[in-house]
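Down below is the structure, laid out as structure tokens.
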Amino acid sequence: MNGGLPGFHNAPASRAVVVSAALFSITFGFRGRSLNLGLSYQASSPSRRLPFNQSSVYEKLQIWRLITSLFAFSSTPELIFGAALLYYFRVFERQIGSNKYAVFIVFSTVISVLLQILALGYLKDPSSNPLTSGPYGLIFASYVPFFFDIPISMKFRIFGLSLSDKSFVYLAGLQLLFSSGRRSVIPGLSGILAGLLYRLNTFGIRRLKGTFSASQDPAESSIATLVSMGFDRNSAMQALVLTNNDVNLASNILLEAQSLQS
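Written out as structure tokens, the structure is:
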């Protein structure tokens with residue numbers, strides 16, 4: 029998986045999420061509580077003698093469970109795949125800027141949690157308790173712009189199957205989606221729905237933090253700056269229109285486009 033420029037340059041929000049996920053996962057994993065962090069509907073059996081009382085989300089809202097369930101993965105394989113995907117999807121923060129990406133993080137996370145709670149209340153299935161914890165909402169919401177906005181730059185065949193460079197990202201997501209059966213499928217699907225709602229601009233969410241005003245023709249000086257950096261003139265103009273004449277953000281988008289096509 030190639031996520032563009034290495035490291036978290038121009039992606040502070042992505043770095044914060046990855047670091048938080050790693051710290052929460054390691055902390056609760058060492059204490060043996062990682063499997064009990066997800067949202068649950070029914071109270072657990074007393075015979076399990078868990079360190080925390082897993083009351084119903086509706087009967088007793090536990091703030092600690094909500095917070096930890098957003099960051100701490102329940103197993104090491106999930107942490108590895110999840111962190112790798114979060115690291116890859118930092119490309120979107122570089123494209124739209126940290127402010128807009130922060131809105132995307134909050135929106136996808138909140139909507140995903142609400143959908144998970146609704147699913148628990150509707151299904152009332154003990155086999156789904158507790159749901160798998162971790163930033164599933166953000167990860168799977170990111171697959172929506174990944175599907176629509178990231179082009180395929182390379183195709184190949186393996187054992188007669190037609191694959192592309194994007195296939196590995198999808199395979200990693202499938203591994204994470206089905207890692208714990210229904211317990212992980214519900215958070216994953218909730219994240220995808222949250223991503224679709226964001227893309228459909230539900231509640232005008234995409235207008236927050238830097239919405240585009242009326243389109244302006246790119247300044248010739250800005251175009252010249254990007255062309256002097258080696259970018260194609262037409263690509264430079266499109267990037268400037270997309271970023272409302274922000275040269276730095278436009279250059280980031282062009283660099284990411286080159287990295288994804290290399």
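Numbering (my numbering), first residue to last: 29 to 290.
Quick reminder that beta carbons are idealized off the backbone N, C-alpha and C, glycines included.
(message) Helix, strand or coil for serine 207? Go by DSSP, reduced to three states.
(response) coil
(request) Measure from the alpha carbon of valine 269 to the alpha carbon of each residue in Thr137, Ala247, Ser218, then state which is nearest. (result) Ala247
(message) Between which residues of its own chain and leucine 224 is the CB-CB distance below 6 Å, once the five residues before and five after are set aside?
(response) Val172
(message) Measuring only the C-alpha atoms, how far is phenylalanine 99 from serine 42?
(response) 13 Å
(request) For phenylalanine 184, collect the residues of the same chain with a Cβ closer than 7 Å to its Cβ; drop the 5 residues on either side in sequence, then sort them by chain order. (result) Leu191
(message) Under 8 Å: do the region 128 to 144 and the region 230 to 237 share three or more Cβ pairs, one atom per stretch?
(response) yes
(message) Please list the terminal residues of the continuous beta strand (DSSP E) segment that includes leucine 151.
(response) Not the beta strand (DSSP E): leucine 151 falls in the alpha helix (DSSP H), residues 126 to 151.
(request) Could you have a look at arginine 43 and say whether DSSP puts it in helix, strand or coil? (result) helix
(message) DSSP three-state label for leucine 282, please.
(response) helix
(request) Leaving aside the five residues before and after serine 53 along the sequence, list all residues of the same chain whose C-beta is less than 7 Å from its C-beta, in chain order. (result) Ser62, Ala100, Phe101, Leu107
(message) Distance check for alanine 267 and alanine 242, CA to CA, integer angstroms please.
(response) At alanine 242, the pLDDT of 40 sits below 50, so the modelled position is not reliable and the matter cannot be decided from this model.
(request) Give the single residue among Val141, Ala169, Phe174, Tyr116 whose Cα lies nearest to the Cα of leucine 159. (result) Val141
(request) Could you work out which residue in Ile281, Gly35, Ala50, Ile186 is closest to aspartate 13 when comparing CA atoms only? (result) Here the chain covers residues 29 to 290 and nothing more, so residue 13 does not appear.
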